[in-house]
Amino acid sequence: MSSPERESTLRCPTSVAGVPRPEFPIPSSFSGSAFTFRFPPPSAPERPSGKAEEDDCLCEDCAKLDLEQSLASAFALYEGARRGANSRPLGAYRRGDGPAYLKDFYHVASLGDRLSRGTNDCKLCAFLASTTAEPSAKGAAHKLLAFCGSESYLFEAAPRDARGRLVRGPGWNALEHNVFMAVVPEDPLVPKTAVPLRWLEAGLPRGGAIYRLTQPRSADESRIVLPRELQPRADFTLMRAWLNCCRASHDFCRPRKPAGATLRGFRVIDCQAFAPQVEERPWSERYVALSYVWGPSTEKWPRMVLDAVEITRRLGERYLWVDRLCIDQTDEDEKRFLFSKMNLIYEGAEFTIIGAAGDARTGLPGVTRKQRKPQPRVELDRPTRRSQDTNAGSSAQPDPDPGLELVGVPLEEYEREAAGERGWLDAHRHGLGSGLTLDMGELMKDQELMDKYDIPREHLRLFQDFADDFGHTIENFLEIQKELALRMGIPLKEMVPYLQGRAAGRGARGGGSNGGPSLPPAPSIPERPLTNPSKPYKPLPPSRVQGKTILVSSMQEPRVTVRDSEWATRGWTYQEGVLSKRRLVFTEEQVYWECCGMALNETLDLHPGIVQAEPGAPMPDYMLSGIFEGDMHRVPELQYGFRAGKREASGQSVRKLDGHVRAYTSRKLTNAGDSLNAFLGVAARYSDESGLSLLLGIPVWAGLFGDGKPGLQHTFALSISGWMHSAKRIADDAEMYVASCPRREEFPSWTWAGWQGTATFSEGDPSRAGGGSEEQDDDDDDDDEAADTEYSDFFTALTSEQWVSSVDKIWSAEMVLHDAGGTEATLLAGRAPVSSTGDPNRRWLLTIRKPLVLRHMYLMHSVNEWEWRRLMGKRVRIHLSVPMTEATLTAGHRAGDLATVLVFASTVPFVWNGVARFLILRRTDDGGGRWERIGRLTLILEEWMMDKYGDTKKMLDDLPVRSFGKDLILV
């Protein structure tokens, strides 16, 4: 969405004078500083800082830069904006048909293509090139920008509440902010002070941020984020601090095992023995688990395991569980039993060590033999003239170019680049994502107050701010102001203009309405500053070494590194990461911690006040969350917010389970027979005989619906017709999606476990499921697979006493699950026991009784140009797991080799149109007695159609189906 073209909203830069220019005092010594959660121990080895370097050469362009001054100016810009001293906007814009972008950020330098030439001996250019995602792209142009630390991808953009006010915890504004730099791709269609929309969330995590090393003073511990300089070895002191913080604060991360509890076949490695050895112990013992890629190693004690033993010892634990060593690989019965108990094993561990770098042979970087990738670092001499100006503090003369003082480019250039741009609503950044719900009660209450007191909305907003400051309810405060206005002889709606006039020195008695004060025109009410302007100003802390500027990279965001690793492609490791409550992840570059309540890494030091805003609580919801809760984020971006300990509704659980299925099925399995085994731990987490459960990977509701009726039959039919594979459209405007997925014959064709390929239950465009690109069209920014909730809405509505009646028409086929020999069969209806049905180690068939199939597959062009095809007057969507053209699909039905059977039809919750879901089947034998699921077909029953159906029978009668004449057996 866009708004009319706007004038530049960047106001007079002299307003920054309200914020003193930062000084850089250097303390005489910090050798006595004690170790805290924020800083490394004083005994940590230091790099030589005063030593002259042989490669001190800088190119001509880099030699002109004064990065200390740039960082100070950027800090003044952002701090001034927070205090209301300047009008720097942070908004999304677009010019013509060009890309959308976010501005304004401080422009440090245009770098041209010198980072991509590869022939520059400048050490600063080499450092900057190491922080770009693709430094070797020939001819690529870049720029260097400085950002506010609180506007990085680590923190979700502050959302607005129903009244349009920015929402952020009270402790946030008490903290001090920092600045960092980053190399940004240069685009001629994007202003110098801007970045491509979503670059902060998708591009910056890949290249990493550039921070200036500063003095580790206790007086500066209120900074929201500071950098850490990495040592060659992993920091075990920091790891212990993370672990102890979680143990002391997160009760929801604590393993919950009854004292003396045992688990058949449970063994661990005794890491404190002179030679580590495997022994049987009660499951109730404290132990650490290891998750890693086996690889081709045949050693009994590979380097990865030996490094994990070392970590276990150094973090104060004795026992380590490693699947390859602690499960008897020759005992198939024991293996099957322990595979089904993976949820207990990983949830019961004190923490899990994850080897996200290499396989069993390579070991864990920074522990013993395997070295880590060095952290990019550069040390620069401060330019003499500019250094003296900066150290002069507030007495320094302002830059003669006011535009340069504010955003780092001349004002004329800024205005030229802003010409013709228009506002662009970025729903996610500005707090309007799918997770935001507006409180209509608050809005109605506001309207009542505006009507009662005859005041406009912006006046009410200002009075609300005053009421909050003085500790009044808005109703009480308005009564006080009404009485005050009455005594002044003016109506309440003229109180705010009067106060504005007084503030501007224009309020004078006489000439106003009712003989009150005259009211000259007043400016519009500005938004309340994020930071109280009276708060003491704290400049950026001084450089680590006087006269030097030392820059370090935060390196690639470890969440991105983990997602891109070989570990994240393996099927078995998926549940190991998801089921663990505390994870200690070793990447090629650094160590990353993620538990159910916080996510931290070595290179960035977050203030304890946001790591733990409240005792016993997880990180605030505006913090970047972890990556092990399922693939629910927008690809390729990460997600925000921790939900530890919060009870989930059925629909939320189904959406999360869909995320697990989508993420798991995108991974690789060496043995196709492990398709369900490697997911049993996740499945066990959702096993509830009175609620959500899984039957051979298919989500069902095993209990009663909100109206007291059994939910198994309808939800099983809904789910087997609900999943599809990630696929491509056969044409740009087609609603026929075709994949090429190999079958896994060990499992039924009607479950995703019977196929190799990314599967999802979300009804959105499956060509985007489980994939995506950083170069997405700007118009598709809110095209989110997780945003489609039709499938989960069925569970939400049907299990709710309040909403179940809204699904007034519903039908599902009668189905029986049975083995090939007919010795065991279960009618999937009523209160059938799900947990004891469908042993994954046996072959199962599914019989559809008295099936109704499509009369034909003649797809007709729609008269509506925005539609693809209709089938007997109804919109149609087709998803296939095997390659097939539209003509082949039609011919196969005509020949009888294909059949499309109805399994589910219903009103769609919260939308009130309808849907009829079919399975597309292919004959597997000459006799026609057995079929396999190769796809699904959906008919959309529009609302006007549903309105004319009086009941479920009339809905069925209107569908283009006929009786097949005999039962269908699905393999």
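For the record, in the sequence shown the residue sitting at position 457 is 515 according to our numbering, with numbers rising by one throughout.
We put the beta carbon where it would ideally sit given N, CA and C, even for glycine.
Which full runs of the beta strand (DSSP E) of 3+ residues lie inside the stretch 361-395, going along the chain? Taken in chain order, the unbroken stretches of beta strand (DSSP E) that lie wholly in the stretch 361-395 and span 3 residues or more are 377-379.
* With distances taken from CA atoms, which of Trp-902, Arg-975, Thr-965 and Met-915 is nearest Ile-1027? -> It is Trp-902 whose Cα lies nearest to the Cα of Ile-1027.
Practice prompt. Please classify Glu-687: is it buried, with 16 or more other beta-carbons within 10 angstroms of its beta-carbon, or exposed?
Written response: Its Cβ being crowded by 16 or more others within 10 Å, Glu-687 is buried.
| field | Length of the line joining the Cα atoms of Lys-196 and Thr-189 | value | Taking the straight line from one Cα to the other gives about 16 Å.
* Specify whether the stretch 474-484 and the stretch 148-158 touch according to this definition: at least 3 beta carbon pairs, one from each stretch, less than 8 Å apart. => The count of Cβ pairs closer than 8 Å, one atom from the stretch 474-484 and one from the stretch 148-158, reaches three, so the stretches are in contact.
- request: For His-308, I'd like the list of residues in its chain whose CB is within less than 8 Å of its CB, leaving aside the five on either flank, ordered along the chain.
  value: Around His-308, the same chain offers Cys-653, Cys-654, Gly-655, Met-656, Gly-674, Pro-676 and Ala-702 as residues with beta carbons nearer than 8 Å, after the five sequence neighbours per side are excluded.
Inter-residue CB distance, Trp-810 and Val-719 (contact presumed, cutoff 8 Å)
About 6 Å separates the beta carbon of Trp-810 from that of Val-719, a gap short enough to meet the 8 Å contact definition.
Check your understanding: In the DSSP assignment, what are the bridge partners of Gln-335?
Key -> DSSP lists Asp-328 as partners of Gln-335.
* Asked: Can you tell me where the beta strand (DSSP E) with Lys-606 in it begins and where it stops?
  -> DSSP places Lys-606 inside the beta strand (DSSP E), whose first and last residues are 606-611.
Item checked: Gly-569 in three-state terms, based on DSSP -> Interpretation of Gly-569 is limited by its pLDDT of 43, a score under 50 that renders its predicted location unreliable; the figure taken from the coordinates is listed afterwards. The answer is strand: DSSP assigns Gly-569 an E or B state.
| query | To the nearest angstrom, how far is it from the Cα of Gly-764 to the Cα of Asp-512? | reply | Their backbone Cα atoms lie some 45 Å apart in a straight line.
Tell me, please, which residues DSSP counts as bridged to Ser-779. Residue pairing of Ser-779 in beta bridges, as defined by DSSP: absent, with no partner found.
* How many whole angstroms separate the CB atoms of Val-865 and Ser-964, which I take to be in contact at a CB cut-off of 8 Å? -> Right, their Cβ atoms sit about 6 Å apart.
Exercise. Which of helix, strand or coil does DSSP assign to Ser-349?
Worked result: Strand at Ser-349.
Once DSSP output is grouped into helix, strand and coil, what is the label at Leu-288?
If DSSP states are grouped into helix, strand and coil, Leu-288 belongs with coil.
**Q.** Assumed close pair Pro-600, Thr-272 - CB separation to whole angstroms, cut-off 8 Å
**A.** Separation of the CB atoms of Pro-600 and Thr-272 is rounded to 6 Å, and the pair is thereby assigned contact status at 8 Å.
Review point. Under a Cβ-count criterion, where at least 16 other Cβ atoms within 10 Å of its own Cβ denotes burial, should Met-918 be classed as buried or exposed?
Key: Met-918 is exposed by the Cβ-count criterion.
### Query
Quick one: any contact between the stretch 399-418 and the stretch 337-348, if contact means 3 or more CB pairs under 8 Å?
Three or more beta-carbon pairs separated by less than 8 Å link the stretch 399-418 to the stretch 337-348, which places the two stretches in contact.
| field | Residue closest to Arg-713, alpha-carbon to alpha-carbon, out of Ser-638, Pro-549, Lys-358 and Ser-820 | value | For the set Ser-638, Pro-549, Lys-358 and Ser-820, the Cα lying nearest the Cα of Arg-713 is the one of Ser-820.
Problem - Burial state of Val-969 (16 or more Cβ within 10 Å) - result: That one is exposed.
**Asked** What distance in whole Å lies between the Cβ atoms of Leu-770 and Gly-888, which are believed to be in contact at a cut-off of 8 Å?
**Response** Yes, they are in contact, since the Cβ atoms of Gly-888 and Leu-770 sit about 7 Å apart, within 8 Å.
Could you give the first and the last residue of the continuous beta strand (DSSP E) run that contains Ile-936?
Annotation for Ile-936: the continuous beta strand (DSSP E) segment containing it runs 932-938.
Here's a check: name, in chain order, each residue in its chain whose Cβ is nearer than 6 Å to the Cβ of Leu-212, leaving out the five neighbours to either side. So the list reads Leu-682, once near-sequence residues are dropped.
With distances taken from CA atoms, which of Glu-118, Cys-206 and Pro-246 is nearest Ala-132? Comparing alpha-carbon positions, the option among Glu-118, Cys-206 and Pro-246 lying closest to Ala-132 turns out to be Cys-206.
Going by other Cβ atoms of all chains shown within 10 Å of its Cβ, with 16 needed for buried, is Leu-637 buried or exposed? Under the 10 Å beta carbon count, Leu-637 is surrounded by 16 or more other beta carbons and is classified as buried.
What are the residues that DSSP puts in a beta bridge with Tyr-164? Looking at the DSSP output, Tyr-164 sits in a beta bridge with Ala-204.
**Study point:** Beta bridge counterpart(s) of Arg-994 as assigned by DSSP
**Key:** As DSSP reads the structure, Arg-994 sits in a beta bridge with His-937 and Leu-977.
Which of the three DSSP states is assigned to Glu-259 in this structure?
Of the three classes helix, strand and coil, the one that applies to Glu-259 here is helix, per DSSP.
**Q.** Ser-398 versus Asn-659, Gly-739 and Leu-1014, residue with shortest Cα-Cα distance
**A.** Among Asn-659, Gly-739 and Leu-1014, the Cα nearest to that of Ser-398 is on Gly-739.
Can you give the Cα-Cα distance for Lys-593 and Glu-473, rounded to whole angstroms? One C-alpha to the other measures close to 32 Å.
* Mind checking which residues open and close the alpha helix (DSSP H) that includes Phe-805? => Boundaries for Phe-805: no alpha helix (DSSP H) harbours it, and the DSSP string shows neither H nor E there.
Considering Cα atoms alone, identify which of Ser-708, Phe-962, Trp-869 and Gly-993 is closest to Met-794. Nearest C-alpha to Met-794 among Ser-708, Phe-962, Trp-869 and Gly-993: Gly-993.
**Message:** In this structure, how does DSSP classify Ala-945 when only helix, strand and coil are distinguished?
**Reply:** Three-state DSSP puts Ala-945 in a helix.
_Contact the stretch 419-426 vs the stretch 356-373: 3+ CB pairs below 8 Å_ = Yes, the stretch 419-426 is in contact with the stretch 356-373.
- Taking the DSSP output, what are the residues bridged to Gly-1030? As displayed, the chain neither begins before 59 nor continues past 1029, which places residue 1030 out of reach and without an answer.
Whole angstroms are fine: how far does the CA of Leu-609 sit from the CA of Pro-432? A straight-line Cα-Cα distance of about 14 Å links Pro-432 and Leu-609.
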